[in-house]
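The structure appears right after this line, and notes come after that.
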Amino acid sequence: MAKLVLNCTVNGEPAEVLVQPWDTLLDALRERMGLTGPKEGCGTGDCGACTVHLDGKPIASCLLLAMQARGHVVLTIEGLGRPGALHPLQDAFVRHGVPQCGFCIPGVLMAAAALLTENPHPTEEEIRYGIAGSLCRCTGYTKMLAAITETAGAAAGRRS
Amino acid sequence: MSTVMKTTRDVKGIGLSIPRPDGPEKVTGQVQYVADLSPRGLLHAKLLRSPHAHARILRIDVSRARALPGVRAVLTAADIPELKRKAPTRAHAVLAIDRVVFAGQPVAAVAADEPAIAEEALDLIDVQYEVLPVSADPLEAMKPGAPPVADAGTEADTSEAQAHGSVAGVTTEAKPAKAVNISQQARIQRGDVAKGFAESDVVIEKTYRVPMVHQGYLEPHAVLAQWDTTGFLTLWSSTQGSFNTRSEVADVLELSENRIKVIPMECGGGFGGKIRALCEPITAILARATGRPVRYVMTRREELEAGMPAPQVIIRLKTGVKRDGTLMAIEGEAVLESGAFSGAVLAVSGVFLASLYLWPSFDVKGFEVLTHKPSIAAYRAPVAPQTIFAIDSQMEQLAKAIGVDPVEFRLRHLQREGDKMANGQPWLSNGGAEVLTRLAEHPLWKKRAEWKASSPKGRLRGTGLSLGGWLGGLQPTGATVRLNPDGSVQVLTGQVDIAGTNIALAQIAATAYGIDVDKVRITTGDTDVAPMTGLSAGSKTIYTVGVAVMEAAKDARNQTLEIAAKELEASVHDLEIDNEKVVVRGVPDKGITLAQIGKKGNLYMSKVQPVLGVSHPAFSQQAPAFCAQLAKIEIDPETGEVTLHDFVVVQDVGKAINPLAIEGQMQGGAVQSLGMALTEALVYDDKARLTNPSLLDYRKLTSADLPNIETIIVEKPSPHGPFGARGVGEPPIVPAPAAIANAIEDATGVRLTELPLTSERIALAIASAT
Amino acid sequence: MRRFELILPESVDDCVRALAQRGPETKLLAGGTDLLPQLKNGLLKPARVIDLSGVARLRAIEPADGQGLRIGSAVTARTLELDNIVRARYLSLAESGALVGSVQVRNLATLGGNLCNAAPSADMAPPLLALDAEAVITGPKGERRVPIAAFFTGVRHTVLAPDELLVELVVPTPAPHSGGNYLRHTPRRELDIAVVGVASQLTLANGVCTKARIALAAVAPVPVRATAAEQSLEGQPVTPDRIARAADLALEVARPISDQRGSAEFRRHLVRVLTRRTLITALARASA
Ligand SMILES: Cc1cc2nc3c(=O)[nH]c(=O)nc-3n(C[C@H](O)[C@H](O)[C@H](O)COP(=O)(O)OP(=O)(O)OC[C@H]3O[C@@H](n4cnc5c(N)ncnc54)[C@H](O)[C@@H]3O)c2cc1C
Ligand code: FES
Ligand code: FES
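Protein sequence lines, in the order shown, are assigned to chains Y, R and B. What the first sequence shows, in the working numbering, is residues 491 to 650, in sequence order. What the second sequence shows, in the working numbering, is residues 160 to 929, in sequence order. What the third sequence shows, in the working numbering, is residues 12 to 299, in sequence order.
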């Protein structure tokens, strides 16, 4: 079977990549584009480690075929911020000592970033539900909540 | 060993909440795990696994799979000369030889150009099985005549118990000849329990059940294997102990250990499940067969069906007490279901049951039982949460039955330092009483009556607490500390950082040497370069490697001072390190910088020795560590739904080297404990097949199920740990099941004894009680 | 995942043509949240997959010429959760969409996929049953309409022929003074599958219940309506006693099994509890 050409936008840049019909978006990002930030924790939508944004919305990239992203805009953790130019959430995660093993962190951050875009002033409950699709086995979520709450608060502070 | 090095000002070292230096890499997705590695020529491995829990393999035909284009190797046991019958461990049972003993056991292995091709190749392998009767239930499997699991003559594996350095002195008993599936048996006994019960005013007998649970690390097992042309094997592995992995793989492949290099990659969680080798041998064999690098990443389904979960534990307890609160007797059995291979830490259970509280007479038996399920491994404080669930539930009920305060009752009977454990060894210094006392002072405990009374219509509120702990592990280790030419310090160990230990070790090095931690870099080396070290398990990394780092840093400091003494023509005793400079005390302008000393150790033709501090200690004294937890809950009695309103963790850490990292451990451990308490279980059918092989149905708690976890750190210094530190990782996973069961009883009056305490169990118990 | 050929149609007609050419070896792909796990676990090994994501019509929500609302089969659970018209008219459907999986799943999971996958636990089915929705199906022989109550034929089976496609759902606008509610029970709060789900819909006129609908998920091979319970409410004021009786009657259609998600006993217990609770909320909403 011939490979297909996937055209989409990845982390702000137009991308043209050869993918297999059965490649998931996660496969294509990791294996064909070298973007290994999104992780595969389950491959079946149950853990959130593979979360990326598709047109600004968080999705489980292990459940989307790469070709279903044709013409769409994809953002991965690599596009959220870089070392030295961290996204405020990334910065807060570091300062609060959130990451332990780190495997869930790219997915949690993408879920949290999407949440704050949609709902800049979430309640604790809204944050808890907003990142509930991302399982973390190490942290117990408490420091995540603190980091996200602080970021939302800081954003609010800047606006007012 | 808790001498603090003198400096004129406090260096940035121990006691500070410093975020891990790998944070920026982790939040940007730059950290590399095994599955992120794709060397040129990479092949992908897949394993064909048995759908049956017990079957004879009559025939395997791989010819169609081998013929599929893109397939580079298809192997069965017949292709691997090193494989032997009577595999003593899971690692040795690389591929089933002629009998499968659990559903999910690997039967054949494929390496192919693409994962999709490898999967199709699996479909083309034709295996004929003769399905055999299974032992699916440990209590049935114990009986004579049950379908046998192990081949006759296979030895029990007690290396797990040793890895966790837990308990000695429990008598092992000869097992009954006909009970083929009892792989280990032990008994601890003292006094006359029959008399004790006869003289008791209240006797309570209950059976507690905790199902198999999975460690649940988010990164599935992953290995990359590559051989060079000289027959040297390199393994990139997600492991909790690279030296252990090397030894196990060397043993299975009959290779000399110096022919193998294990590179420990960032470990995406282990919790005991990545101690033993699992897929390293088969990946190495596929790489050997193909001459190409081979990567194997387990799927989540494989993890759940064929990982190495925690044992099912069934504990029957009978306890007697006098009306005045005097403990009289305890008797019971603990059955640990070990799956298809032996390896449970049997003795932990016996010791916690009989010697956490002071029983004048006890008789506790332990059995390790094999069944046709995946073999088990450690899971954070192996068997302690299960055991504490039983004994603490029992203590709570005894206190209630005689109408005494449950905290006072526990404190009155809690064994203290010097008291003899059931195995005759004395309890070492610990903070058991301190953490429980501290928790009992918490407003949430003091106001528990108000909370209960405040239940809104249709809801029931309650509070519960529990005390548990871990004895602490030991293992020899080593570390080196170097002074660099720019005056910075470099620490090298082989210890895999699975819990934020590297930053804490750097802090220990900083304080012991006398330099700010920002000037300390710590590296985990591979098995070729790093000092040999033990597992990252048993809550012993800081307790043991911390000592090695501290001693190596002191050694480096002494060498530094000696060099400085010569250069400054001063006595070593008059020198101190201040602000990256060695100075003569009282003569501030007489000094030499660390950079100058470091440079001299690396100059062409220099006669100054480079500074290289070394320490490679072994240990004999454990440091027990205790944790007490409180749950404030609300129950919807109709649906059984439990809302956790507050959860408090109080833990004795000896000395908090890095409070931030410790809080993270306490919170994460507590949530695993809560998962075990409320929702997690590997559920098997009567054919011993897993019915919930996904993270949708194997329910780890999500952020929506939880409150913030409050942490309170207690510091009762251990006599031997670095700066008084104790192990931190394991204690917080222990108490929650009992705390929740106690809280549920407080709220509803119903006592539940089988984990998980699901909404179904709660609702149906309430419905049948009313 | 095993290999397959991928077809990327851009219109419903393209889809129908592609379906007509291909046999039972072909699977339609919407959000993939049911299909991809099935492919990955090897439960299905299709030779060809037809991706519906390029067909704009399937994602539309638009008025159905006075008959209510057309909701395209590829509308996501997340859209149902947030869409203002859906929330205003069919709150129980929005509630069911909001409960699916996690936000990462809801942004992919579609209404059509939920129905066509035909799991007994499908959350979006009971509200549609309670709202008297109709499925619009198209195939080589043209379009047909099937009441949603007749859409499911068994576990993972529907009235769809292999060459047919679910295009949209037509949901009638409820009469004034109507209210609905969907509740389910799950062991976890998010990321879980219903042990039991119940949708109720009530319409009132002058204090009397003129129409009652109660639909249950995960208690039978297909989502079912509790018609005896519905009839017990119609034609009279809705009182706590009648609600309690309706909750008892709802049990009559429940034929639950025991599995790892819940025992038959617990499921029966939940049917009562959730039916009562959804009726209380539906009544409050209808009265508001
Ligand atoms: C983590 C997770 C959590 C979940 N939680 C829930 C939950 O809480 N509640 C719940 O109900 N479900 C849940 N699901 C299941 C799933 O998300 C839903 O059923 C979803 O609505 C399916 O939609 P889809 O678009 O992803 O379907 P797909 O996977 O694309 O398709 C499902 C099936 O329908 C067929 N199909 C799709 N569209 C059409 C069409 N237009 N015409 C004909 N056939 C079609 C496909 O061929 C396939 O057989 C969950 C799934 C995951 C992975
Ligand atoms: S890997 Fe996609 S949700 Fe787990
Ligand atoms: S940090 Fe390890 S899973 Fe979240």
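We put the CB at the ideal spot given by N, CA and C, even for glycine. All figures in this text were calculated on a predicted structure; none of them were measured in a lab.
The criterion of a C-beta distance shorter than 7 Å is not satisfied by R:Leu505 and R:Glu490. Residues lining ligand 2 by the Cβ criterion, that is a Cβ closer than 6 Å to any of its heavy atoms, are Y:Glu530, Y:Gly531, Y:Cys532, Y:Gly533, Y:Gly535, Y:Asp536, Y:Cys537, Y:Gly538, Y:Ala539, Y:Cys540, Y:Ala550 and Y:Cys552 in chain order. Residues of the region 549–576 of chain Y with a C-beta atom less than 9 Å from some C-beta of chain R are Thr566, Ile567, Glu568, Leu570, Gly571, Arg572, Pro573, Gly574 and Leu576, listed in chain order.
Distances from the CB of R:Thr838 to the heavy atoms of ligand 1 are all 6 Å or more. Leaving aside the five residues that flank R:Arg716 on each side, the residues in its chain whose CB is nearer than 8 Å to its CB run, in chain order, Met164, Ala671, Tyr672, Gly673, Ile736 and Gly772. Taken in chain order, the complete alpha helix (DSSP H) segments of 4 residues or longer contained in the region 693–752 of chain R are 705–727. For the options R:Ala669, R:Leu291 and R:Ala275, the alpha carbon positioned closest to that of R:Val260 is the one of R:Leu291. When the beta-carbon positions are compared, R:Tyr288 and R:His213 stay at least 7 Å from each other. Listed in chain order, the positions of the region 257–284 of chain B with a beta carbon within less than 8 Å of a beta carbon of chain R are Asp270, Gln271, Arg272, Gly273, Ser274, Glu276, Phe277, His280, Leu281 and Val284.
A distance criterion of 6 Å places the beta-carbon of B:Phe163 beyond contact range of ligand 3, judged by its closest non-hydrogen atom.
Of B:Val282, B:Ile72 and B:Glu179, the smallest CA-CA separation from B:Leu194 is found for B:Val282. Three or more Cβ pairs closer than 8 Å define a contact, and the region 378–391 of chain R meets that threshold against the region 451–467 of chain R. Between the region 172–181 of chain R and the region 857–877 of chain R, the count of C-beta pairs closer than 8 Å stays below three; the two stretches do not touch.
Between the region 612–632 of chain R and the region 900–916 of chain R, the count of C-beta pairs closer than 8 Å reaches three or more; the two stretches touch. Our two residues, Y:Pro610 and Y:Leu544, have alpha carbons roughly 19 Å apart in a direct line. Looking at the backbone, the Cα of B:Ala239 and that of Y:Ser624 are separated by about 42 Å. Between R:Leu694 and R:Gly400, the beta carbon gap of about 4 Å places them in contact (Cβ cut-off 8 Å). Beta bridge pairing from DSSP links B:Asp62 with B:Leu40.
Out of B:Ala31, B:Leu40 and B:Ala216, the CA that lies nearest to the CA of Y:Thr514 is found in B:Leu40. Just measuring C-alpha positions, the residue of B:Leu213, B:Arg89, B:Thr184 and B:Arg167 sitting nearest B:Ser298 is B:Leu213. Closest by C-alpha distance to B:Val249, out of B:Pro232, B:Ile225, B:Thr37 and B:Leu290, is B:Leu290. As the crow flies, the alpha-carbon of R:Phe882 is around 11 Å from that of R:Lys875. Under the rule that a run must span 3 or more residues, the beta strand (DSSP E) segments found entirely inside the region 399–453 of chain R read 419–423. C-alpha of Y:Pro504 to C-alpha of Y:Val563: approximately 9 Å in a straight line.
In terms of side-chain proximity, the C-beta atom of B:Asn118 is found no nearer than 6 Å to any non-hydrogen atom of ligand 1. Per the Cβ contact rule, the region 407–423 of chain R is not in contact with the region 353–363 of chain R (fewer than 3 Cβ pairs under 8 Å). The region 802–816 of chain R makes contact with the region 884–893 of chain R, as at least three CB pairs between them are under 8 Å.
Across the set R:Leu573, R:Ile473 and R:Pro602, the C-alpha of R:Leu573 shows the shortest separation from the C-alpha of R:Gly591. Within chain R, no residue has its beta carbon less than 8 Å from that of B:His188; the closest one is some 27 Å off.
The nearest non-hydrogen atom of ligand 1 is 6 Å or more from the C-beta of Y:Leu544. Of the residues R:Val233, R:Ala300, R:Gln755 and R:Asp551, the one whose Cα lies closest to the Cα of R:Glu278 is R:Val233. Classified as buried, R:Gln718 has 16 or more neighbouring CB atoms from the shown chains inside 10 Å of its CB.
R:Thr393 sits in a strand when the DSSP states are folded into three classes. Residue-level contact check: B:Leu202 touches chain R, since one or more beta carbons of chain R fall below 7 Å from its beta carbon.
Scanning R:Ala663, R:Gly886, R:Gln788 and R:Leu833 for the CA closest to the CA of R:Thr802 turns up R:Leu833.
Under the DSSP assignment, R:Ile674 falls outside any alpha helix (DSSP H); it carries neither an H nor an E label.
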